[in-house]
Amino acid sequence: MNPRAGMGRRLFLVAVDNKKEAAVKTLLDAHALVEAEDENYASPLHAAIEPGNEAVVQLLLTGIDQSDTAKTRAKLERKDRDCRTPLLFAVNRGLERTVERLLEMKANPNTSGGSELRSPLHVVVAAGRVSITRMLLKPVHRAAAYTGQEGIVVQLLKRGAELNAMDGKYGTALQAAAATWWGDEVVEMLLDAGADFNIRGGEHETALLAALFHDNKRVFKVILERGANTEVVDSDGRTPLRIGVEKGDVGTVRLLLKHRANTESEGSDSAYEDNRTYLAKAKMAAV
19 MNPRAGMGRR
29 LFLVAVDNKK
39 EAAVKTLLDA
49 HALVEAEDEN
59 YASPLHAAIE
69 PGNEAVVQLL
79 LTGIDQSDTA
89 KTRAKLERKD
99 RDCRTPLLFA
109 VNRGLERTVE
119 RLLEMKANPN
129 TSGGSELRSP
139 LHVVVAAGRV
149 SITRMLLKPV
159 HRAAAYTGQE
169 GIVVQLLKRG
179 AELNAMDGKY
189 GTALQAAAAT
199 WWGDEVVEML
209 LDAGADFNIR
219 GGEHETALLA
229 ALFHDNKRVF
239 KVILERGANT
249 EVVDSDGRTP
259 LRIGVEKGDV
269 GTVRLLLKHR
279 ANTESEGSDS
289 AYEDNRTYLA
299 KAKMAAV
């Protein structure tokens, strides 16, 4: 490597890492290498996203020549040592402005990464890092009405994020959302966009079971009212009705019975010897 080029790389990375916006602009104007890498980040773009420095991120993105589509995509899809693209990194940090700009530049919304190989959509619905300060009352298509994580979800959906893609832990993004407490608005968004609430996979099998396991009653009711299968069984062979009875959750049992859950369904685990007691309790709850 040319020593002067190597020095340019190091200066550029130092300027980015230390949030020196003016220095970054000066080096960009002097044609410093935007592709510079170090042992910690795949690129200066990753380095700027990590502390949430959106001003520097915008400068770096402006410095990318978009006339060469292949090179632009290569830069946007570059992964760091943990296999995270800049988009995945920005989603994880809750940087809505950066996410929107990356998607405008055609960053792939379905590229997975990180230790659990999650997609950006999985990350944003599972993380819950941004505090939600107001209830979201406007329709989903009004993207401007959403802030924080909800806004990022809207942007990802608009740009073609795969709704029913599976990750290694929660299953689908809907299952991940059902397992968290930071907003049933996101669940509604995913359902309105066509997410499959009966698809199986992940830690809790379905979105309905995920909501039930995490005692997320509002989301449980939302998914149930959309027509979720009430006869699905968990890894122990228990139906939602049986789980509700075992938990002593009369409200959940009544809600399931209201939606015609089968009181004759005993689940798939023949090891249970208290089926009569279980069925009797379920029927009593209907009274």
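The opening residue of the sequence shown carries number 19 in the numbering used here; numbering runs sequentially from there.
We put the CB at the ideal spot given by N, CA and C, even for glycine.
Per the C-alpha coordinates, the member of Leu275, Arg244 and Thr190 positioned closest to threonine 257 is Leu275. With distances taken between CA atoms, leucine 139 lies nearest to Ala191 out of Lys265, Ala191 and Leu94. Here the alpha carbon of asparagine 234 sits roughly 36 Å from the alpha carbon of glutamate 95.
Per the DSSP secondary-structure output, arginine 136 pairs in a beta bridge with Gly131. Per the C-alpha coordinates, the member of Ala108, Ala183 and Phe238 positioned closest to glycine 220 is Ala183. The shortest CA-to-CA distance from histidine 277 to any of Thr103, Val263, Val251 and Asn247 is the one to Asn247.
Taking C-alpha positions only, glutamate 72 is separated from leucine 208 by approximately 27 Å.
The beta carbon of alanine 196 lies closer than 7 Å to those of Val205, Ala225, Ala228, Ala229, Asn234, Val237 and Ile241 in the same chain, with the five residues before and after it left out. Taking a cut-off of 8 Å for Cβ pairs, the stretch 106-116 and the stretch 80-94 do not touch, as fewer than three such pairs fall below it. Separation of the CB atoms of alanine 194 and valine 143 is rounded to 5 Å, and the pair is thereby assigned contact status at 8 Å. If you draw a straight line from the Cα of threonine 281 to the Cα of leucine 259, it comes to about 8 Å.
Listed in chain order, the non-local C-beta contacts of glutamate 223 below 8 Å within the same chain comprise Gly189, Val250, Val251, Asp252 and Ser253, local neighbours out to five positions each way being set aside.
DSSP places histidine 222 in the coil class of the three-state scheme, outside both helix and strand. Residues Asn128, Ser130 and Ala183 of the same chain have their beta carbon placed closer than 6 Å to that of serine 137, with the five preceding and five following residues left out of the count. Isoleucine 67 carries a helical assignment under DSSP once its states are collapsed to helix, strand and coil. Following the DSSP letters along the chain, one finds arginine 96 in no alpha helix (DSSP H), marked with neither H nor E.
At least 8 Å separates the beta-carbon of glycine 70 from that of aspartate 100.
In summary, aspartate 98 is buried, with 16 or more beta-carbon neighbours lying within 10 Å of its beta-carbon over all protein chains present. Uninterrupted alpha helix (DSSP H) stretches at least 4 residues long and entirely within the stretch 228-293 occur at 235-243, 258-265 and 268-276, given in chain order.
Nearest in C-alpha terms to serine 85, of all of His64, Met123, Arg115 and Ile67, is Met123.
Under the DSSP assignment, leucine 192 falls in the alpha helix (DSSP H) whose first and last residues are 191-196. In the three-state scheme derived from DSSP, where H, G and I count as helix and E and B as strand, phenylalanine 107 is classed as helix. One alpha carbon belongs to threonine 198, the other to phenylalanine 215, and they sit about 15 Å apart.
A residue is called buried once 16 or more other Cβ atoms fall within 10 Å of its Cβ, and lysine 89, having fewer, is exposed.
Around the beta carbon of threonine 103, 16 or more other beta carbons lie within 10 angstroms, which makes this residue buried. If you ignore the 5 residues before and after leucine 273, its C-beta comes within less than 7 Å of the C-beta of Lys239 and Leu242, all in its own chain and listed in chain order. DSSP, read as helix, strand or coil, puts glutamine 84 in coil.
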